[in-house]
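Peer 1: Residue numbers (our numbering), protein chains in the order written: chain A, 1 to 430; chain B, 431 to 860.
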């Protein structure tokens with residue numbers, strides 16, 4: 001039933017029915033959480049061997065380094081970088097393996113660019129006349145936006161398409177405004193839409209005629225190996241494509257094992273050009289003697305090789321695919337043909353992006369919260385937490401069990417319909 | 431034989447003898463390294479159980495948190511903070527346990543103070559008229575100085591005494607210059623002199639009449655539990671003393687397990703006032719979701735409690751005490767009464783500080799290097815790598831085996847005497 005085509009009387013009937021449904025929902029006193037992209041305990045159990053590795057006496061990296069001691073440099077264990085090199089499409093010698101957080105590597109790249117000129121740059125970003133700015137594909141990842149906000153970097157939204165950010169917009173903006181120093185990109189199974197950057201998108205980003213000589217792509221390949229279909233889309237070789245486009249220093253590539261092994265105690269990666277790496281490591285060398293090499297050896301022992309990563313991710317997929325299928329089924333049953341919602345069917349990653357009727361997202365989140373279902377705050381996927389159309393909601397289906405997830409999603413459906421009917425009747429139902 | 435009292439002919443004889451000795455030394459083609467304060471493999475072996483902890487299935491912190499997942503906040507596991515609280519004299523609730531590097535915590539405290547006003551501060555340190563400055567007790571720790579250098583913070587030397595920095599100097603400087611925003615302190619078994627800040631020093635630092643309202647002590651209690659004698663000097667309760675002096679936000683306390691368990695994969699601590707912690711964690715929350723909690727649980731399981739730390743440190747002492755004794759014995763035999771060298775007899779920590787004849791340190795390091803003995807570069811213990819008297823050399827006796835250490839130290843003695851004789855004769859011997 002397409003709600004947008006109903007007359008006032010039919011809407012009134014629907015409103016009454018939905019109100020009753022919402023009261024039943026509230027009576028269940030649920031306490032369900034779809035807010036963050038956390039792996040479930042069942043997924044974490046897939047890496048259960050990790051906690052007793054590398055094992056007593058196993059203390060040597062392949063090159064003989066005693067991983068327990070200081071030393072060995074900032075780049076991390078070559079054998080671990082080798083395992084991830086193919087997935088992130090960065091030569092192992094240009095890939096560094098650091099601590100447990102790729103977010104920290106992004107933050108530290110930005111904070112150092114604020115304070116020290118990048119290769120090719122004439123000044124520190126902090127000294128940009130008018131203030132530095134970033135292009136932010138929307139909807140996007142709130143923690144990316146928080147980094148910009150922290151440093152007063154203006155965020156300029158660029159609409160997402162199923163093929164990645166709208167390049168006509170990005171090209172025009174970057175070409176005319178030298179304040180634009182960077183762009184956040186989640187190139188595959190994008191957070192939250194699941195979009196996969198097309199080959200043309202990748203090529204145009206590499207060739208982007210940026211006015212700023214120190215423009216950088218912050219290429220957060222967080223879901224490089226996180227497939228939900230047999231397609232197993234490979235990551236784009238952005239470093240190579242940038243080189244070919246004459247912009248060898250354009251990109252910082254990020255990745256991690258956070259949603260491969262363990263979310264809080266994995267290993268993060270940063271890949272870039274030799275010049276960028278020398279710049280960053282030169283600054284980071286004043287910060288730390290080096291990353292936790294035992295944890296890196298632990299990961300080498302556990303993952304073994306690229307095939308080991310793939311086998312582990314196949315096991316993750318067996319847990320996650322039914323959850324994503326359940327979300328789609330409940331949404332289709334409840335909202336299909338309703339005319340008040342569209343949603344994504346991601347081929348990988350951690351999220352489903354739900355667009356409700358314009359002006360209804362905050363109300364849906366409010367209704368859901370009151371009924372015991374925690375959703376990511378409306379607007380979180382936009383810079384400054386402001387969704388100009390108030391319609392996008394990020395759903396994170398990975399953490400709850402399948403039953404809880406289905407229950408939560410049925411509740412979300414009720415809230416979406418209830419908010420839509422209120423909007424269409426131009427009066428609050430509740 | 432006091433070289434400084436010899437006449438020209440006697441000096442010539444000595445020079446000839448020493449030259450022969452140095453040639454014999456060179457002929458041994460040694461490859462020994464006394465540069466950095468690294469634990470020896472034997473010390474690292476004391477924590478051999480660590481590599482297989484926490485063990486499969488042991489995934490819960492005391493409060494039930496699944497340590498494998500995101501979440502749990504920035505402060506780290508309460509039970510680990512509890513273990514260290516007494517050693518660092520910081521209440522567990524004001525102590526955060528972070529990643530593997532206390533240097534990184536110092537760096538991040540400074541970088542954030544450069545960019546965001548501290549509690550009590552009216553402006554960011556970066557906006558200090560004339561540029562921010564730090565008081566730097568000398569000789570001191572080169573990595574502290576590197577952080578200042580990185581951010582263009584002027585380093586103002588303050589002479590060390592056996593009771594800590596010369597407070598008459600520090601008080602005068604801090605009182606008259608509002609550019610002085612901080613001071614590096616290694617309060618116990620200081621790097622490199624082994625000095626222990628007296629109660630009076632601690633009290634006067636807490637009460638220091640700093641002109642800058644956002645003045646901070648960077649209290650690097652790196653050697654809190656690293657005793658070499660039965661005295662086992664407890665750490666000063668600096669946080670409490672600052673509070674009592676009316677400066678509750680004055681100090682950041684740092685510590686780590688780097689030289690307790692494993693040097694590259696331990697846990698670092700930062701303790702401070704509630705206001706400072708809220709300020710720092712507010713900024714760090716944009717950088718990372720949290721520290722590696724599995725490694726913290728691993729340390730809880732391995733150390734168990736404060737008594738566990740003390741037992742482990744007693745075992746370290748059994749390895750280290752003979753090494754420090756050997757250094758003192760060789761120096762005493764070779765340089766005692768020579769009039770050209772003095773050195774410290776630390777009661778804990780990782781270093782011996784050797785002062786040679788003024789103007790000779792760089793030459794000693796050069797001679798030693800040419801003979802296959804790597805020493806910390808002369809000047810490294812001073813801001814900018816410049817020792818105005820060119821006399822201080824930091825000896826790090828922990829890493830080499832006892833035999834190698836004795837061999838290296840005998841070589842150092844030869845180099846010290848040779849450089850001294852050259853200096854006294856006012857002509858190079860070699």
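Heads up, the beta-carbon is just placed ideally off N, CA and C, and yes, glycines get one too.
Where do the ends of the alpha helix (DSSP H) carrying residue 182 of chain A lie?
Peer 2: Counting along the chain, residue 182 of chain A falls outside any alpha helix (DSSP H), though it belongs to the beta strand (DSSP E) covering 180 to 185.
Peer 1: Let me know the secondary structure DSSP gives residue 431 of chain B once reduced to three states.
Peer 2: It is coil, neither helix nor strand.
Peer 1: Under 6 Å Cβ to Cβ from residue 38 of chain A, same chain only, skipping five residues before and after it: list those, please.
Peer 2: Cβ neighbours of residue 38 of chain A beyond the five flanking positions: 399.
Peer 1: Quick one: Cα of residue 537 of chain B to Cα of residue 408 of chain A, how far?
Peer 2: Near 44 Å, if we compare the C-alpha coordinates of residue 408 of chain A and residue 537 of chain B.
Peer 1: What do you reckon, are the CB atoms on residue 605 of chain B and residue 640 of chain B nearer than 8 Å?
Peer 2: Yes. Within cutoff.
Peer 1: By a C-beta neighbour count over all protein chains shown, 10 Å radius and 16 as the cutoff for buried, is residue 502 of chain B buried or exposed?
Peer 2: By the 10 Å Cβ count, residue 502 of chain B comes out buried.
Peer 1: Shortest alpha-carbon distance to residue 227 of chain A belongs to which of A:55, A:421 and A:188?
Peer 2: The shortest Cα separation from residue 227 of chain A among A:55, A:421 and A:188 belongs to A:188.
Peer 1: Beta-carbon of residue 531 of chain B versus every beta-carbon of chain A: anything under 8 Å?
Peer 2: Interface residue, yes.
Peer 1: Pairs of beta-carbons, one from the region 495 to 511 of chain B and one from the region 728 to 738 of chain B, closer than 8 Å: are there three or more?
Peer 2: The region 495 to 511 of chain B, when compared against the region 728 to 738 of chain B, does touch it at the 8 Å Cβ threshold.
Peer 1: Under 8 Å between the Cβ atoms of residue 827 of chain B and residue 757 of chain B?
Peer 2: Taking 8 Å as the Cβ cut-off, residue 827 of chain B and residue 757 of chain B qualify as a contacting pair.
Peer 1: Residue 160 of chain A: which of A:126, A:195, A:127 and A:151 sits nearest, CA to CA?
Peer 2: Checking every option, the nearest Cα to that of residue 160 of chain A belongs to A:195.
Peer 1: Does the Cβ of residue 204 of chain A have 16 or more other Cβ atoms within 10 Å, making it buried, or fewer, making it exposed?
Peer 2: Answer is buried; the Cβ neighbour count reaches 16.
Peer 1: Which whole runs of the alpha helix (DSSP H) in the region 100 to 153 of chain A are 4 residues long or more, in chain order?
Peer 2: If we require 4 residues or more, the alpha helix (DSSP H) runs fully inside the region 100 to 153 of chain A come out as 102 to 115 and 142 to 150.
Peer 1: Count Cβ pairs between the region 480 to 498 of chain B and the region 831 to 845 of chain B that sit closer than 8 Å; are there 3 or more?
Peer 2: These segments do not touch.
Peer 1: Pairing CB atoms from the region 305 to 319 of chain A with CB atoms from the region 94 to 108 of chain A, are three or more of them under 8 Å?
Peer 2: Too few Cβ pairs lie closer than 8 Å, so no.
Peer 1: Kindly indicate which residue of A:54, A:43 and A:7 has the alpha-carbon position closest to the one of residue 295 of chain A.
Peer 2: Per the Cα distances, A:54.
Peer 1: What is the rounded straight-line gap between the Cα of residue 716 of chain B and the Cα of residue 723 of chain B?
Peer 2: Going from the Cα of residue 716 of chain B to the Cα of residue 723 of chain B covers about 18 Å.
Peer 1: Please decide whether residue 117 of chain A counts as near chain B, where near means a Cβ-Cβ distance under 8 Å.
Peer 2: No, residue 117 of chain A lies away from the interface with chain B (no Cβ there is under 8 Å from its Cβ).
Peer 1: Using 10 angstroms around the beta-carbon of residue 150 of chain A, count the other beta-carbons present and answer buried if the total reaches 16, otherwise exposed.
Peer 2: With 16 or more Cβ atoms within 10 Å of its Cβ, residue 150 of chain A is classed as buried.
Peer 1: For chain B, is any of its Cβ atoms less than 8 Å away from the one on residue 256 of chain A?
Peer 2: Output row for residue 256 of chain A: interface = no.
Peer 1: Near residue 247 of chain A, which residues of its chain fall below 7 Å by C-beta distance, leaving aside the five closest residues on each side in sequence?
Peer 2: Cβ within range, chain order: 206.
Peer 1: Rounded to the nearest angstrom, what separates residue 566 of chain B and residue 138 of chain A at their Cα positions?
Peer 2: Using only the alpha carbons, I get a separation of about 48 Å.
Peer 1: Looking at the secondary structure, which residues open and close the beta strand (DSSP E) in which residue 268 of chain A lies?
Peer 2: Start and end: 268 to 271.
Peer 1: Please work out which residues of its chain come closer than 7 Å, Cβ to Cβ, to residue 115 of chain A, disregarding the five sequence neighbours upstream and downstream, and give them in chain order.
Peer 2: Contacts found: 124 and 126.
Peer 1: Does residue 721 of chain B pass the burial test, meaning 16 or more other C-beta atoms within 10 Å, or should it be called exposed?
Peer 2: Flag for residue 721 of chain B reads buried.
Peer 1: What span of residues does the alpha helix (DSSP H) with residue 167 of chain A cover, start to end?
Peer 2: First-last of the alpha helix (DSSP H) with residue 167 of chain A: 167 to 176.
Peer 1: Determine the burial state of residue 162 of chain A: buried for a count of at least 16 other Cβ atoms within 10 Å of its Cβ, exposed for fewer.
Peer 2: Exposed: under 16 other Cβ atoms inside 10 Å.
Peer 1: Report the neighbours of residue 38 of chain A on chain B: residues whose CB is nearer than 9 Å to its CB, in chain order.
Peer 2: In chain order: 499, 500 and 501.
Peer 1: Can you give me the C-alpha to C-alpha distance between residue 183 of chain A and residue 128 of chain A, rounded to a whole angstrom?
Peer 2: Cα to Cα, the separation comes out at about 16 Å.
Peer 1: Looking at the C-beta of residue 411 of chain A, does it have a partner C-beta in chain B at a distance below 8 Å?
Peer 2: No, no contact with chain B.
Peer 1: Following the continuous beta strand (DSSP E) through residue 206 of chain A, name the residue where it begins and the one where it ends.
Peer 2: That residue, residue 206 of chain A, is in no beta strand (DSSP E); its alpha helix (DSSP H) goes 199 to 207.
Peer 1: Hey, does residue 52 of chain A have any beta-carbon neighbour from chain B nearer than 8 Å?
Peer 2: By this cut-off, residue 52 of chain A is an interface position.
Peer 1: Should residue 344 of chain A be labelled buried (16 or more other beta-carbon atoms within 10 Å of its own) or exposed?
Peer 2: Buried, by the Cβ-count rule.
Peer 1: Determine the chain A residues that contact residue 576 of chain B at a beta-carbon separation under 7 Å, and present them in chain order.
Peer 2: Here the neighbours are 286.
Peer 1: Among residues of its own chain, excluding the 5 on either side of residue 572 of chain B, which ones have a beta-carbon nearer than 7 Å to its beta-carbon?
Peer 2: 810 and 811, listed in sequence order.
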